[in-house]
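Trainee: I have a structure here, written as structure tokens, and I will follow up with some questions on it.
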Amino acid sequence: MKPAVGGEASTSSNEKKRKNKTKKIPRLEDYLNQRDYLGALTLLEFQRNGGVSVEHADLWIGFCAFHLGDHKRAMEEYRALTLRPECPVEVWVYLGCSLFFLGLYKEAEEAALKGLPSHTIHTVLKEVSHTELKNLMDISSSSFQFAKELIQHNLVVFRGGEGALQVLPPLIDVISEARLNLVIYYLRQDDIQEAYKLIKDLEPTTPQEYILKGVVNAALGQDIGSRDHLKIAQQFFQLVGGSASECDTMPGRQCMASCFFLLKQFEDVLIYLNSLKSYFYNDDTFNFNYAQAKAALGNYREAEEVFLLIQNEKIKNDYVYLSWLARCYIMNQKARQAWELYLRLETSSDPFSLLQLIANDCYKMGQFYYATKAFDALERLDQNPEYWEGKRGACVGIFQLILAGQESRETLKEVLPMLRSTGNPQVEYMIRIMKKWAKDNRVAL
């Protein structure tokens with residue numbers, strides 16, 4: 021019943037279709053040569069789903085996903101391959117690259133070490149220098165842009181923050197560590213407000229982020245006298261130090277020490293710092309905290325020794341350092357050294373507060389000569405009656421020590437001018453008594 025011509029035409033049409041279809045079948049090599057990774061990935065997935073066997077299809081899928089920036093997909097493909105007994109060793113390196121771009125650096129290192137001999141990794145690390153990183157910056161390929169930004173970031177870190185304000189701000193939303201390192205830079209510059217602005221809205225998810233946010237809140241809380249910020253800092257430190265993953269690490273122990281420091285539980289502070297001191301013997305910041313904790317518990321002799329180990333000039337000019345060291349000197353019967361500390365005090369510090377500390381602590385410890393000098397200096401700065409009362413009591417204390425033979429008689433020569441500098445009418449009565457004793461005991465005034 022079929023027309024003869026129609027049948028021939030149909031046959032001819034089908035052959036053309038088959039030929040056209042054959043011509044249009046794409047090849048994986050063509051896509052890869054053209055760097056059309058999306059096309060290559062689409063073809064590979066189509067063949068996989070259709071049951072078509074392609075040599076190394078899984079490796080190519082991982083390769084294409086990686087170059088498309090889908091590092092999670094690449095990681096999944098390579099990880100599945102590593103579970104196979106016949107997995108090529110280089111797949112571990114590919115997996116490490118995918119993990120690296122996902123920010124999983126520890127896992128990336130572990131994977132890479134399985135793909136390359138450990139001595140090779142270590143040799144490479146030893147030979148890498150900063151001039152080498154700079155040379156990498158000259159590569160202009162657009163596909164290398166992420167690495168260029170990463171190298172810029174790392175150069176700032178390796179150089180101790182040099183160029184931080186030029187390099188890090190544009191990278192804050194590109195490299196997660198850039199924000200943290202910029203916060204660290206601001207802290208080192210004592211720009212606590214800028215550090216806080218940068219980190220206040222960050223929701224911490226890693227121990228490093230919790231620690232840094234805790235440090236910033238502690239610094240701000242101490243700077244502006246905010247208990248709320250100190251409470252936040254204490255909670256963050258406790259979260260890290262009390263976590264199962266960090267409790268036995270050095271950062272974890274430092275966090276617990278900081279937590280107890282803010283709570284003023286100094287016995288607990290020393291438990292943690294004692295476990296760390298062998299690692300931080302020459303660390304000025306560690307010794308600053310360690311000495312304060314010892315002094316707070318009344319262990320002034322050891323505290324003095326640790327305070328004097330500190331070399332950092334910034335810490336040594338800090339009022340907290342000066343006041344604690346002065347107190348240690350006084351409690352260790354070294355009032356003269358505390359007074360010399362005040363005389364060397366820079367104008368940027370707080371001499372008035374240090375004078376008050378020396379005056380009151382010397383009085384309490386019976387070191388009346390330097391208590392008198394400190395109260396006399398305070399009285400010259402402020403006509404508060406309390407300073408006269410302190411000076412009067414200290415002068416009487418000196419006189420008693422002279423009478424008991426525990427203080428040189430010559431000291432009376434210095435006491436009288438300090439008494440005369442006060443306009444209080446009680447002065448004349450005290451001076452008459454002292455002069456009479458001096459005359460009776462042949463002490464030249």
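Counting with this note's numbering, you get residues 21 to 465 for the letters of the sequence shown.
Cβ atoms here follow ideal geometry from the backbone N, Cα and C, with glycine treated the same way.
#1: Could you spell out where the alpha helix (DSSP H) holding residue 309 opens and where it closes?
#2: Measure how close the beta-carbons of residue 378 and residue 394 come, nearest whole angstrom, since I'm counting them as under 8 Å.
#3: For residue 148, does the count of other Cβ atoms within 10 angstroms reach 16, so buried, or fall short, so exposed?
#4: Taking 8 Å as the cut-off, decide whether the C-beta atoms of residue 286 and residue 329 are in contact.
#5: As a quick exercise: from 241, 237, 231 and 298, pick the residue whose alpha carbon is nearest that of residue 266.
#6: So what does DSSP say about residue 107, is it helix, strand or coil?
#7: Answer yes if the segment 262-279 comes into contact with the segment 240-247, meaning at least three C-beta pairs across the two stretches below 8 Å, and no otherwise.
#8: Among residues of its own chain, excluding the 5 on either side of residue 212, which ones have a beta-carbon nearer than 6 Å to its beta-carbon?
#9: Nearest chain D C-beta to residue 408 closer than 8 Å, yes or no?
#10: Work out the CA separation of residue 324 and residue 335 for me, nearest whole Å.
#11: Leaving out five residues before and five after residue 205 in sequence, what residues of the same chain have Cβ atoms less than 6 Å from its Cβ?
#12: Using a Cβ-Cβ cutoff of less than 8 Å, which residues in the same chain neighbour residue 25 once the five nearest sequence positions on both sides are dropped?
#13: Beta-carbon separation of residue 362 and residue 308 under 8 Å?
#14: How close, in whole Å, do the beta carbons of residue 355 and residue 390 come, if the pair is a contact with beta carbons under 8 Å?
#15: Alpha carbon to alpha carbon, how far is residue 55 from residue 297? Give it in angstroms, no decimals.
#16: Does the beta-carbon of residue 146 have 16 or more other beta-carbons within 10 angstroms, so that it is buried, or is it exposed?
#17: Applying the 10 Å Cβ sphere with the 16-neighbour rule, what's the burial state of residue 381?
#18: Going by alpha carbons, who is nearest to residue 249 out of 337, 261, 220 and 225?
#19: Residue 151 by DSSP, collapsed to three states: which one?
#20: Please state the DSSP three-state secondary structure of residue 373.
#21: Assuming residue 81 and residue 106 are in contact, meaning their beta carbons sit under 8 Å apart, how far apart are those beta carbons, in whole angstroms?
#22: Using the rule of at least 16 other Cβ atoms within 10 Å of the residue's Cβ for burial, across every protein chain shown, is residue 69 buried or exposed?
#23: Straight-line CA distance for residue 235 to residue 215?
#24: Hey, could you find the ends of the alpha helix (DSSP H) residue 276 is sitting in?
#25: Nearest to residue 277 by alpha carbon, out of 332, 254 and 194?
#26: Could you give the residue range of the alpha helix (DSSP H) that holds residue 84?
#27: Could you compute how far the alpha carbon of residue 462 sits from the alpha carbon of residue 447?
#28: Skipping 5 residues on each side, what residues in its chain have a beta carbon closer than 6 Å to that of residue 227?
#29: Assign residue 405 to one of three DSSP states: helix, strand, or coil.
#30: Would you check whether the ligand NAP has a heavy atom nearer than 7 Å to the C-beta of residue 422?
Mentor: Let's see:
#1: 304-316
#2: 4 Å
#3: For residue 148, the predicted structure reports a pLDDT of 43, less than 50, and the residue's modelled location is therefore unreliable. The matter cannot be settled from this model.
#4: no
#5: 231
#6: coil
#7: no
#8: 239, 240 and 243
#9: Among the chains in the structure shown there is no chain D, since it carries only a single protein chain.
#10: 15 Å
#11: 181 and 184
#12: Only weak support is given to the placement of residue 25: the predicted model assigns it a pLDDT of 45, under 50, and the question is left unresolved by the model.
#13: no
#14: 4 Å
#15: 56 Å
#16: At residue 146, the pLDDT of 42 sits below 50, so the modelled position is not reliable; the number obtained from the coordinates is stated separately. Label assigned to residue 146: exposed.
#17: buried
#18: 220
#19: helix
#20: helix
#21: Not confirmed; about 17 Å, so no contact.
#22: exposed
#23: 10 Å
#24: 270-282
#25: 254
#26: 77-87
#27: 22 Å
#28: 260 and 266
#29: helix
#30: As far as ligands go, the structure on display features none, and thus does not contain the ligand NAP.
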